[in-house]
Amino acid sequence: MASPLEAHVKEYEQLRQEILARINLAYALIALDLTVLGAGLTVFDTLPDVVAGLAVASSFLWLIFIDHAAQVYKLAAYIALWLAPEIRTAAPGSLRWEEFLRQVDQGGAKTAHALFGRQDAPQPVGWIKSGGPSPFLAALFGGSPPVLLAAYAASSGLSGSLGEQAVRGGVLFASLGFWLLAMSRYRSFRWTVKYINEAIAESRERPGGGTSDVSAHRAAADAPHSTSSPRGS
């Protein structure tokens with residue numbers, strides 16, 4: 016029979032595999048969106064109606080990317096806040112990579128202390144932080160649909176009879192609406208990431224380096240919710 020530590024380590028490995036799988040899928044979505052953007056800019060003059068569909072597809076890819084990225088952050092939060100403390104109880108000093116990365120990305124004195132181990136170490140200049148929602152990916156996913164729709168509007172996509180113009184104008188506004196939905200979802204994603212990062216950072220500042228009693232947290236989470244006040248009236 017496996018020990019509790021072995022069970023926790025196995026769970027950790029499974030979660031890491033799921034995170035890696037989702038990250039690989041995210042990279043595939045990035046490559047696919049680049050393909051969609053390139054194809055749209057290639058055919059916008061000859062097949063403008065196709066470009067409008069590609070703009071919707073680009074927004075849809077962004078929504079899928081956001082869902083996978085949010086799930087990765089939630090898995091990382093579970094590892095950092097629930098699983099890692101239990102593993103460190105049995106194996107002190109383990110699973111320190113995420114903790115080190117977050118400290119080294121603080122910048123200034125905290126980064127210097129994490130790298131040199133002393134307070135008087137030289138502070139980094141122009142430090143490149145890792146993690147977090149990438150502004151470059153936001154520019155790619157968020158910028159592709161407007162670029163494609165602008166190409167659609169500038170080409171012969173709005174030419175033709177009055178009825179054809181009305182239909183194509185409706186397609187244009189519907190595509191813009193789908194893009195605005197993706198933008199709103201991305202805004203929620205940024206708040207989600209910020210909330211998770213704050214929770215992990217706060218756990219590191221607790222006495223014991225975040226090794227709080229996770230069993231108590233689980234018991235509280237699994238307990239049935241009561242509609243009455245515990246203090247009484």
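Counted the way the numbering used here counts, the sequence shown spans residues 16 to 248.
Where a beta carbon is used, it is the ideal one built from N, C-alpha and C, also for glycine.
Whole-Å CB distance - residue i paired with residue j, under 8 Å assumed
| i | j | result |
| --- | --- | --- |
| residue 13 | residue 28 | Residue 13 is absent from the structure shown; the chain starts at 16 and stops at 248. |
| residue 37 | residue 119 | Contact flag wrong, Cβ pair sits at about 24 Å. |
| residue 152 | residue 45 | 7 Å |
| residue 138 | residue 154 | With 8 Å as the limit, residue 138 and residue 154 do not qualify as a contact, their Cβ atoms being about 30 Å apart. |
| residue 189 | residue 77 | Going by Cβ atoms, the distance from residue 189 to residue 77 rounds to 16 Å, so no, they are not a contact pair. |
| residue 191 | residue 168 | Actually they do not touch by this definition, with Cβ atoms about 10 Å apart. |
| residue 75 | residue 66 | Actually they are not in contact, since the Cβ atoms of residue 75 and residue 66 sit about 15 Å apart, beyond 8 Å. |
Nearest residue (CA-CA) to residue i, options the options
| i | options | result |
| --- | --- | --- |
| residue 1 | 78, 212, 162 and 18 | Outside the modelled stretch of the chain, which goes from 16 to 248, sits residue 1, for which no answer is possible. |
| residue 150 | 38, 72 and 202 | 202 |
| residue 70 | 102, 195, 145 and 209 | 195 |
| residue 276 | 137, 85, 58 and 175 | Nothing can be reported for residue 276: it is not among the residues displayed for the chain, which extend from 16 to 248. |
| residue 112 | 124, 101, 129 and 105 | 129 |
| residue 68 | 88, 122, 165 and 124 | 165 |
| residue 121 | 102, 145 and 19 | 145 |
| residue 110 | 23, 75 and 17 | 23 |
| residue 20 | 176, 105 and 47 | 105 |
| residue 11 | 92, 123 and 61 | Here the chain comprises residues numbered 16 to 248, so residue 11 is not present and cannot be evaluated. |
| residue 57 | 170, 192, 205 and 199 | 170 |
| residue 185 | 64, 55, 17 and 204 | 64 |
| residue 39 | 205, 61 and 83 | 83 |
Buried/exposed call for residue i, threshold 16 Cβ in 10 Å
| i | result |
| --- | --- |
| residue 243 | Reliability fails at residue 243, whose pLDDT of 40 lies under 50, so the model's placement of it is uncertain and the value that follows must be treated cautiously. Exposed, since its Cβ has fewer than 16 Cβ neighbours within 10 Å. |
| residue 80 | buried |
| residue 131 | exposed |
| residue 73 | buried |
| residue 94 | buried |
| residue 219 | exposed |
| residue 103 | buried |
| residue 223 | Since pLDDT at residue 223 reaches only 47, below the 50 mark, its modelled position is unreliable, and the value read off the structure follows with that caveat. Result: exposed. |
| residue 217 | exposed |
| residue 215 | buried |
| residue 107 | exposed |
| residue 99 | buried |
| residue 101 | buried |
| residue 175 | exposed |
| residue 55 | buried |
| residue 183 | buried |
Contact with chain B by residue i, beta-carbon distance below 8 Å
| i | result |
| --- | --- |
| residue 100 | The structure shown contains no chain B; it holds only a single protein chain. |
Three or more beta-carbon pairs under 8 Å between the region 144-159 and the region 38-53, yes or no? Here the region 144-159 makes contact with the region 38-53; the two share three or more CB pairs at distances below 8 Å.
Can you list the alpha helix (DSSP H) stretches of 4 or more residues lying completely in the region 149-210, in chain order? Counting whole runs of 4 or more residues, the region 149-210 contains the alpha helix (DSSP H) stretches 150-169.
Unbroken beta strand (DSSP E) runs of length 3 or more, entirely within the region 32-60: which are they? None, since the region 32-60 contains no complete beta strand (DSSP E) of that length.
Within the region 83-152, note down every full beta strand (DSSP E) run reaching 3 residues or more, in order along the chain. Every candidate beta strand (DSSP E) stretch fails here, since none sits fully inside the region 83-152 while reaching 3 residues.
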